[in-house]
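Residue numbers (my numbering), protein chains in the order written: chain A, 22 to 260; chain B, 22 to 260.
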């Protein structure tokens, strides 16, 4: 059943507007009485189409349930900014893999250094990619793609989570050595093409963020987040 | 230190020819006496450049050692053929993640169905991608990208390995439920965009190939191999 995210859900009625409405009528050629799933905040509403136009689809809500695809743990991906096409790819994959938030971070070795203004345009595109990936993979929430933050702010954000790790190519612990039993929120920090500077790694370590290694092969900066998220989702019973 | 794969290695001398030789002299601007690593079959040879021209670099071998980046287990990726750009991506990532062989398979739901002749041209390109990824990620061997085989042949190939799994979206075991302790070779079979047909899944299961699930979210056909390989490499102590 096709699924759509919308904020417009009352007790009995759900409304879809904009491009999704057009898509339902024109591309999917859905008709009155057809069933779709509306999603909001991890709840999915089995709904039946009541009225349909190019700009709006109104549905009767038939039943609701908690989305079963959401992981039991909130995993936040802190990603040092790589080239834009790689960031788009990472946002798509992190969404499929169940991340709840993606935070681009400016680190010393970032080659791509967009300014805030420039990035805000890109943010629209990245958020759209997260939305499409959330629909396609059956997520119950759309991961938020945040604006760029500094390395220092990333460290402070990670300190607030139950557990945080940073992938460091000069070694560290294995992801299996960590205790996830009480971890409600996990931060994963991945470097850019050049990885982390040594003083950044020291700073992370001193702040209680565990440096972890992903084996002896050198992973590209877009491969590392997919691997790390896959392994963490696996170790926490979510994959 | 830059690394190059070559078959031309004697006891004391190693030779690089072709594009790599040009690359060493022109792009890397290396000079006589500079050190490089030559790789063949999982052994790396620390070498010193002796003579250099646009078409040939001759090196003295200084020392040799087993490449430490090769996994302790041979993992073969059987990949139902997706669209070509996705296959290129999968070959690159599977190489970084340590796969020893990548076998494209024609299954019922493959939308892209290249014929043998057509695919042999693409095979050159795919092999080149594997080579470049092997150099970049520090592998000791270049994973072989095979020609297309049928579903039946894939099943027969997988039966020869110590352990084989197939990712099936309609569930199955978790990768952590398997016993890898005696597994010297592992086959991983991933479906195309549409996954496997039910009769294919049954056939796999009857042939002793374990159907496994990768969580409740729907992963794209290029995400599933990366996730599965990451988790398997992790569970076998190779990541």
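The beta carbon of each residue, even a glycine, is placed where N, CA and C say it ideally should be.
Query	Result
For residue 253 (chain B) and residue 250 (chain A), what's the separation of their Cα atoms in angstroms?	14 Å
Quick check: what's the CA-CA separation for residue 137 (chain B) versus residue 100 (chain B)?	16 Å
If you follow the beta strand (DSSP E) that residue 34 (chain B) is part of, which residue opens it and which one closes it?	34 to 38
Quick one: give me the first and last residue of the alpha helix (DSSP H) that residue 152 (chain B) is part of.	137 to 158
If you measure beta-carbon to beta-carbon, which residues of the region 174 to 196 of chain A are closer than 9 Å to chain D?	Annotation note: the requested chain D is absent from the structure, which comprises protein chains A and B.
Which parts of the region 61 to 143 of chain A are runs of the beta strand (DSSP E), unbroken and 3 residues or longer, counting only runs that do not cross its ends?	64 to 73, 77 to 87, 95 to 101, 122 to 127
By DSSP, does residue 196 (chain A) sit in helix, in strand, or in coil?	helix
Beta strand (DSSP E) containing residue 185 (chain B): first to last residue?	184 to 188
Just to confirm, are residue 166 (chain B) and residue 125 (chain B) a CB contact at a threshold of 9 Å?	yes
Show which residues of chain B have a CB atom less than 7 Å away from the CB atom of residue 119 (chain A).	238
Per DSSP, which one or two residues make a beta bridge with residue 24 (chain B)?	B:58
Going along the region 215 to 241 of chain B in order, which residues come within less than 8 Å of chain A, judged by CB to CB distance?	235, 236, 237, 238, 239, 240, 241
Give every residue of the same chain whose Cβ lies closer than 8 Å to the Cβ of residue 195 (chain A), excluding the five residues on either side of it in the sequence, and list them in chain order.	233, 234
Looking only at its own chain, which residues have a Cβ that is under 6 Å from the Cβ of residue 185 (chain B), when we skip the five neighbours before and after it?	179, 208, 230
Could you work out which residue in A:28, A:71, A:96, A:61 is closest to residue 259 (chain A) when comparing CA atoms only?	A:96
Give the secondary structure of residue 207 (chain B) by DSSP, where H, G and I count as helix, E and B as strand, and everything else as coil.	strand
Mind checking whether residue 117 (chain B) and residue 244 (chain A) have CB atoms under 9 Å apart?	yes
Restricting to runs no shorter than 4 residues, where is the alpha helix (DSSP H) found entirely within the region 219 to 258 of chain A?	219 to 227, 244 to 256
Just to confirm my understanding: we take residue 91 (chain B), look at its own chain, exclude 5 residues before and 5 after, and list those with CB closer than 8 Å. What are they?	63, 119, 160, 161, 162
Starting from residue 172 (chain A), trace the alpha helix (DSSP H) both ways and give me its first and last residue.	172 to 180
Spell out whether any CB of chain B is found under 9 Å from the CB atom of residue 100 (chain A).	no
For residue 255 (chain A), which of A:93, A:224, A:43, A:222 has the nearest alpha-carbon?	A:93
Please check if any C-beta of chain B sits within less than 9 Å of the C-beta of residue 86 (chain A).	no
Report all residues from its chain with a CB closer than 8 Å to the CB of residue 130 (chain A); omit the five preceding and five following residues, and keep chain order.	101, 212, 213, 214, 215, 216, 217, 218
Could you tell me how far apart the beta carbons of residue 27 (chain B) and residue 36 (chain B) are, in whole angstroms, since I believe they sit closer than 8 Å?	7 Å
Strictly below 9 Å CB to CB, what residues from chain B border residue 255 (chain A)?	195, 196, 197, 235, 236, 248, 251, 252, 255, 256
Going by DSSP in three states, residue 46 (chain A) sits in which element: helix, strand or coil?	helix
Name, in chain order, the residues that DSSP records as bridge partners for residue 166 (chain B).	B:123
Going by beta carbon distance, what residues of the same chain come within less than 6 Å of residue 193 (chain B), once the five residues before and after it are set aside?	232, 233, 234
Assuming contact is defined by CB atoms lying nearer than 9 Å, are residue 122 (chain A) and residue 135 (chain A) in contact in what I supplied?	no
Within this structure, are the beta carbons of residue 70 (chain A) and residue 98 (chain A) separated by less than 9 Å?	no
Comparing the C-beta of residue 114 (chain A) with each C-beta of chain B, is any distance below 9 Å?	yes
Nearest chain B C-beta to residue 259 (chain A) closer than 9 Å, yes or no?	yes
Would you list, in chain order, the members of the region 69 to 95 of chain B that have their beta-carbon closer than 7 Å to a beta-carbon of chain A?	89, 90
If you drop the 5 nearest sequence neighbours on each side, which residues of the same chain put their C-beta closer than 8 Å to that of residue 61 (chain B)?	26, 27, 28, 30
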